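*Asks:* If you number the sequence shown the way our numbering does, the last residue is 364 and the count never jumps.
Idealized CB from N, CA, C, for every residue including glycine.
Note that this is a predicted model, so its numbers are computed, not measured.
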Amino acid sequence: MDSLLDKLELIYKRWLEIGEEITKPEVVADMKKFVKLSKDYKDLQAVVDAYQQYKNVLGNIQNAKDVIANEKDEEFRTMAKEELVTLNETCAKLEEEIRLLLIPADPQDGKNAIVEIRAGTGGDEASIFAGDLYRMYTHYCEAKGWKIEVASMTEGTVGGFKEIVFNVIGSGAYGLMKYESGVHRVQRVPQTETQGRVHTSAASVVVLPEADEFDVDLKEKDIRKDTYCASGPGGQCVNTTYSAVRLTHIPTGIVVAIQDEKSQIKNLEKAMKILRTRVFEREYQKYLDEVSSKRKTMVSTGDRSAKIRTYNYPQNRVTDHRINYTMYNLTNFVNGDIQDMIEALQVAENAERLKASVEESAA
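What follows is the structure, given as structure tokens:
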């Protein structure tokens, strides 16, 4: 108990120090440092709140023990004993919550997300399913109050998408959406099937944290920019103005092409956002590989073959294979009601993190 309190005392002191630092003029003038310290201050707030609550409970436990040891009035002693039982239960719960808070979180969790959905095996039905997944995420994001911006898409021949890339803009978007990375499989009678047979199709989902300017320093000399006429539907001006943008990052060979907007400036802005994230992914991939090897709830973005979930329409069933969690509300689920599944994955991940932390402490 003392070692936990000692850790919390150190964190509380650091929180106070950061609070003082971010008011200094030289720190305010250094935007990069100011942003980092402000984030650190905000991230420590939950631990500080828990520490103050924990300290208060420990003080009340000591008071109850003093009453039991020194009070002569039996009624007061009985009340103190009852209170002590409740306080000890509260203290044990708080200690578990605090241990979880002390495990370093993924520093990217608070960011916006960039989501890529690609049709896999299953032909036209896979494209339709990719469209269903996009609609599912759209409804979920709307319920969370997040904004969605489509960066690029290729439509399927009979509906849905062969590929769609979109940004999810909202606090903590990546921290929740990251659990969706992997292969999603659907079992149902396709619209294109005349015999009424159940087919299996698939679509892959990749979720990345949106990299900001502080994560990746993209140098202008390292980027080749090409402009060209957009193709496809979109009005008369589409094929006559050089609004489409292709960016090539020379050191890595990463290419991003965006033609969704009529404005070249807007297409360039979208392309830069995705390019920055793709470059950042190279470094972040090392972290994800390490995490995914330890936690079954997370799939490395490099492992696009990992089947994470099955949507079975005949049985109205959705099963997440990472945690063997099954729900029989597929209709609501594909309409965006996925929060319970994400929370189940969070609980499983937290249990894994806590177990790993205890094992490291014991080693």
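Starting from THR327, trace the beta strand (DSSP E) both ways and give me its first and last residue.
*Replies:* It spans 326-328 - the beta strand (DSSP E) in which THR327 sits, taken as one unbroken run.
*Asks:* Are the CB atoms of VAL48 and LEU88 nearer to each other than 7 Å?
*Replies:* Against a cut-off of 7 Å, the Cβ pair of LEU88 and VAL48 comes out as no contact.
*Asks:* With distances taken between CB atoms, is the gap from ALA152 to ILE275 smaller than 7 Å?
*Replies:* The answer is yes: Cβ separation under 7 Å.
*Asks:* Fully enclosed by the segment 115-162, which beta strand (DSSP E) runs are 3 residues long or longer?
*Replies:* For the segment 115-162, whole beta strand (DSSP E) runs of length 3 or above, ordered along the chain, are 148-156.
*Asks:* Are the beta-carbon atoms belonging to TYR329 and ASN317 less than 7 Å from one another?
*Replies:* Closer than 7 Å, so yes.
*Asks:* Please tell me whether THR139 and ILE149 are closer than 7 Å, where the distance is taken between their beta carbons.
*Replies:* Yes.
*Asks:* Counting beta carbon pairs with one atom in the segment 113-126 and one in the segment 160-178, are three or more of them shorter than 8 Å?
*Replies:* Contact between the segment 160-178 and the segment 113-126 is present, because at least three Cβ pairs lie under 8 Å.
*Asks:* What does a CB cutoff of less than 6 Å around LYS112 pick up in its chain, not counting 5 residues either side in sequence?
*Replies:* Correct list, in chain order: TYR175, PRO210, GLU211.
*Asks:* According to DSSP, is PRO315 part of a helix, a strand, or is it coil?
*Replies:* Coil, per DSSP.
*Asks:* Could you tell me if ASP304 is buried or exposed, where buried requires 16 or more neighbouring beta carbons within 10 angstroms of its beta carbon?
*Replies:* Below a pLDDT of 50, predicted positions are generally treated as unreliable, and ASP304, at 49, falls in that range; the measurement from the model is reported next regardless. Result: exposed.
*Asks:* Just the Cα atoms here: how many angstroms apart are GLY183 and ARG310?
*Replies:* Whole-angstrom Cα-Cα distance: 8 Å.
*Asks:* Per DSSP, what kind of secondary structure is ASN113 in: helix, strand or coil?
*Replies:* Coil, per DSSP.
*Asks:* Leaving out five residues on either side along the sequence, give the residues of the same chain with a beta carbon under 7 Å from the beta carbon of GLY20.
*Replies:* Excluding residues within five positions, the ones whose Cβ falls inside 7 Å are TYR42.
*Asks:* So what does DSSP say about ASN336, is it helix, strand or coil?
*Replies:* Note: ASN336 maps to coil in three-state DSSP.
*Asks:* Can you look up GLU164 in the DSSP assignment and give me helix, strand or coil?
*Replies:* DSSP places GLU164 in strand when its eight states are reduced to three.
*Asks:* Return the chain-ordered list of same chain residues with a C-beta closer than 7 Å to the C-beta of VAL68, the five sequence neighbours on each side being excluded.
*Replies:* Hits under 7 Å: PHE77, ARG78, ALA81.
*Asks:* Tell me, which residues are paired with LEU209 by DSSP?
*Replies:* Its beta-bridge partners are ILE115.
*Asks:* Is it buried or exposed, ARG283, if we count other Cβ atoms within 10 angstroms and call 16 or more buried?
*Replies:* With fewer than 16 Cβ atoms within 10 Å of its Cβ, ARG283 is classed as exposed.
*Asks:* Can you tell me whether THR332 is buried or exposed, with buried defined as 16 or more other CB within 10 angstroms of its CB?
*Replies:* THR332 should be labelled exposed.
*Asks:* Could you please give me the residues that DSSP links to GLN188 through a beta bridge?
*Replies:* Looking at the DSSP assignment, GLN188 forms a beta bridge with THR201, ASN313.
*Asks:* State buried or exposed for ALA120, treating a residue as buried only when at least 16 other CB atoms are found within 10 Å of its CB.
*Replies:* Looking at its Cβ environment, which holds 16 or more other Cβ atoms inside 10 Å, ALA120 is buried.
*Asks:* Assign THR320 to buried or exposed, taking buried as 16 or more other Cβ atoms, counted over all protein chains shown, within 10 Å of its Cβ.
*Replies:* THR320 comes out buried.
*Asks:* Please confirm whether PRO191 and HIS185 have their CB atoms less than 7 Å apart.
*Replies:* Taking 7 Å as the Cβ cut-off, PRO191 and HIS185 do not qualify as a contacting pair.
*Asks:* So what does DSSP say about ALA65, is it helix, strand or coil?
*Replies:* Of the three classes helix, strand and coil, the one that applies to ALA65 here is helix, per DSSP.
*Asks:* Using 8 Å for Cβ pairs, my map puts ILE99 next to ILE165. What's the rounded Cβ distance?
*Replies:* The pair is not a contact, with the Cβ atoms about 41 Å apart (cut-off 8 Å).
*Asks:* On the DSSP letters alone, give me the boundaries of the alpha helix (DSSP H) that ILE99 sits inside.
*Replies:* Run containing ILE99: 75-103, per the alpha helix (DSSP H) assignment.
*Asks:* So what does DSSP say about TYR1, is it helix, strand or coil?
*Replies:* Only positions 2 to 364 of the chain appear in the structure, and residue 1 is not among them; the question remains open.
*Asks:* When the Cα atoms are used, what is the spatial distance from ALA352 to CYS92?
*Replies:* Taking the straight line joining both Cα atoms gives about 19 Å.
*Asks:* Among residues of its own chain, excluding the 5 on either side of LEU219, which ones have a beta-carbon nearer than 8 Å to its beta-carbon?
*Replies:* Result list for LEU219: HIS250, MET273, LEU276, ARG277, VAL280, in chain order.
*Asks:* Let me know if ARG144 comes out buried or exposed under the rule of 16 or more other beta-carbons within 10 Å of its beta-carbon.
*Replies:* Checking the displayed sequence, the identity of residue 144 turns out to be Ala instead of Arg. With fewer than 16 other Cβ atoms within 10 Å, it is exposed.
*Asks:* Just tell me which of GLY197, GLU156, ASN168 has its CA closest to the CA of TRP147.
*Replies:* Of GLY197, GLU156, ASN168, the residue nearest in Cα terms is ASN168.
*Asks:* Measure the beta-carbon distance from ILE324 to ALA307 and round it to whole angstroms, keeping in mind my assumption that it falls under 8 Å.
*Replies:* The Cβ separation is near 14 Å, so there is no contact.
*Asks:* Would you report the Cα separation of HIS322 and TYR312, rounded to the nearest angstrom?
*Replies:* So the two alpha carbons sit approximately 11 Å from each other.
*Asks:* Taking all protein chains shown into account, decide if ARG189 is buried (16 or more other Cβ within 10 angstroms of its Cβ) or exposed.
*Replies:* Answer is buried; the Cβ neighbour count reaches 16.
*Asks:* What would DSSP say about ALA307, mapped onto helix, strand or coil?
*Replies:* Residue state, collapsed to three classes: coil.
*Asks:* With DSSP collapsed to three states, give me the class of ASP321.
*Replies:* Correct three-state label for ASP321: strand.
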